[in-house]
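Read the structure below first, then the notes.
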Amino acid sequence: MKNFDVIIIGAGASGCMCALKTALKGKEILLIDRAKIAGKKLMATGNGRCNMTNLNLFPSSDFYNQNIDNFLNRHSHEDTLNFFNEMGLVCFADEEKRVYPISNSAKSVIDVLNNQLAKFKNISISLETEFEDIEFKNGIYEVITNVGAFSCRKLVIATGGNTAQKVLDKFKIKSKPFVPSLVALKTQSTKIVENIRISPAKVTLFLKDKKISEIGEILFKDNGISGIVAFNISSYFARNNNYNGKIEIDLLPNHTEEQIFDLLKLRKKLNLDINKMFDGIFLPNIGYLILNNCKLNENRKTAQLTDSEIILLAHTIKHLSFEVKSHYPNHQVYSGGVLIDSLTENLESIVRKGLYFCGEVCDVDGKCGGYNLQWAWTSGYIVGESI
Ligand SMILES: Cc1cc2nc3c(=O)[nH]c(=O)nc-3n(C[C@H](O)[C@H](O)[C@H](O)COP(=O)(O)OP(=O)(O)OC[C@H]3O[C@@H](n4cnc5c(N)ncnc54)[C@H](O)[C@@H]3O)c2cc1C
Numbered sequence: 293m294k295n296f297d298v299i300i301i302g303a304g305a306s307g308c309m310c311a312l313k314t315a316l317k318g319k320e321i322l323l324i325d326r327a328k329i330a331g332k333k334l335m336a337t338g339n340g341r342c343n344m345t346n347l348n349l350f351p352s353s354d355f356y357n358q359n360i361d362n363f364l365n366r367h368s369h370e371d372t373l374n375f376f377n378e379m380g381l382v383c384f385a386d387e388e389k390r391v392y393p394i395s396n397s398a399k400s401v402i403d404v405l406n407n408q409l410a411k412f413k414n415i416s417i418s419l420e421t422e423f424e425d426i427e428f429k430n431g432i433y434e435v436i437t438n439v440g441a442f443s444c445r446k447l448v449i450a451t452g453g454n455t456a457q458k459v460l461d462k463f464k465i466k467s468k469p470f471v472p473s474l475v476a477l478k479t480q481s482t483k484i485v486e487n488i489r490i491s492p493a494k495v496t497l498f499l500k501d502k503k504i505s506e507i508g509e510i511l512f513k514d515n516g517i518s519g520i521v522a523f524n525i526s527s528y529f530a531r532n533n534n535y536n537g538k539i540e541i542d543l544l545p546n547h548t549e550e551q552i553f554d555l556l557k558l559r560k561k562l563n564l565d566i567n568k569m570f571d572g573i574f575l576p577n578i579g580y581l582i583l584n585n586c587k588l589n590e591n592r593k594t595a596q597l598t599d600s601e602i603i604l605l606a607h608t609i610k611h612l613s614f615e616v617k618s619h620y621p622n623h624q625v626y627s628g629g630v631l632i633d634s635l636t637e638n639l640e641s642i643v644r645k646g647l648y649f650c651g652e653v654c655d656v657d658g659k660c661g662g663y664n665l666q667w668a669w670t671s672g673y674i675v676g677e678s679i
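Be aware that the sequence shown starts at 293, since it is given in this note's numbering, and climbs by one per residue.
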């Protein structure tokens, strides 16, 4: 069985960062991935553009569901930019401070990572290699894969999502269930408004003891809501491990209910068919949705609307209610994973010496906008630095 100083399972964002940082110490490293190229998953990120980090990062507690300031202080978004800059990647930030490669292609990120990995003679990469089990005997980890077994004293789990669950169970690592997060929300049918975008919209989630709101773009799907705002709201459902609850959408967050009442009242004078009364404000099918919600007869004229009906319409535009029942497939991250307080400040298991965790397998999840990849870079760096 071939022995290495360090084996890293998972050549995603965190695993590649960890390998590059560890390699500087001259250690013999084996980087394993079941994919055909290192960093392959990055290709799917940021709609193929890879939103690598975000310049808004501090205070980080605004962007993550956990407090990870201690870690970000050791490797910040600026350190990430420097790291990639030194490898030749040119980046830019958009108006929301999201950072992308200037090529607008995730392939550039994958290319520079692979170029750098290839420079280190002490990094062996075994692709199309699926880890199946891990044994621990006399201070040595044995990693059993489909292409054979390898051993090491220090093992890093950087497998991203939930594929390491059996390792967590086997080694009694404390974790929270992996629950899909940053995902479109499934509600009652929204077929009538499918593919319509509203920007900005405000989505409010009603929890037992508080309300949480997010403003930005939403995209209606056939049975629910997608878009960054819906994704960010999904993380609260994920953390409760229960995709059930009420949300409200404010379709005109920059107008008060009184202003909307005035806008709609003016339309009485236009004496339009009621189903045309939202023309000039919303696309027709959004209008139908509002009227359906108010149960107003579509065969009337706007001149016939009473003040209390207009109040109801204005209220509905600000409080369109949906019941979240589940989520769509294709989530961006998992909420849950290895509890940070079961790890040392260097992300080594407290109960299992020599076993490290970085990236999404840890119970750290952030909002959309580059924060999850920043955690992958930060955590990969910290493990690599300390190992
Ligand atoms: C569609 C999509 C878009 C996203 N867009 C963004 C974005 O723009 N910005 C952002 O910040 N975040 C984004 N994310 C989230 C981001 O991709 C993750 O947070 C990040 O990739 C986690 O890095 P990681 O190294 O922990 O895991 P990963 O990048 O998932 O890497 C894990 C690696 O482990 C390998 N692996 C898993 N199991 C095994 C096994 N049994 N044997 C061998 N290898 C294994 C996988 O093949 C993979 O290469 C997006 C996610 C998705 C799905």
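Where is the CB? At the ideal position from N, CA and C, for every residue including glycine.
Distance from the Cα of A493 is smallest, within the candidate group H611, T636 and Q624, for H611. Between V630 and C654, the C-beta spacing is below 9 Å. Residue ranges of uninterrupted beta strand (DSSP E) with 3 or more members, entirely inside the segment 433-480 and ordered along the chain, are 440-449 and 467-473. For K483, the closest alpha carbon among the candidates D461, N515 and K468 is that of N515.
The way I'd put it, the segment 329-341 does touch the segment 400-409; three or more beta-carbon pairs between them come closer than 8 Å. Of the candidates Q596, I300, K411 and F384, the residue whose Cα lies closest to the Cα of K560 is Q596. Taking a C-beta distance under 9 Å as the contact criterion, I465 and S641 qualify as a contact pair. In this structure, ligand 1 has a non-hydrogen atom nearer than 8 Å to the beta-carbon of G302. The Cβ neighbour count for K458, taken over all protein chains shown within 10 Å, is under 16; the residue is labelled exposed. DSSP places D371 in the uninterrupted alpha helix (DSSP H) bounded by H369 to E378.
The alpha-carbon of S505 is positioned some 12 Å away from that of S526. The DSSP-derived three-state label of P621 is coil. Bounds of the alpha helix (DSSP H) holding R531 are I520 to R531. Distance between M569 and I488, taken at the CA atoms: about 18 Å. The DSSP-derived three-state label of T496 is strand. Bridge pairing for Y392: F384 [DSSP]. CA-CA distance, S618 to A410, rounds to 43 Å.
The continuous beta strand (DSSP E) containing G508 extends over residues K503 to K513. Taking K446 as the centre and dropping the five residues before and after it, the same chain places the C-beta of V298, G646 and I679 closer than 6 Å to its C-beta, in chain order.
M344 has its CB nearer than 8 Å to a heavy atom of ligand 1.
For D599, the enclosing alpha helix (DSSP H) starts and ends at D599 to K610. When distances are taken from the beta-carbon of H623 to the heavy atoms of ligand 1, the shortest one is below 8 Å.
Between the C-alpha atoms of T608 and F553 there is a straight-line separation of about 11 Å.
Taken atom to atom, the span from the alpha-carbon of D599 to that of K659 is near 41 Å.
In the structure shown, K319 falls within a coil segment according to DSSP collapsed to helix, strand and coil.
For the 9 Å CB-CB criterion, T372 and Q551 do not form a contact.
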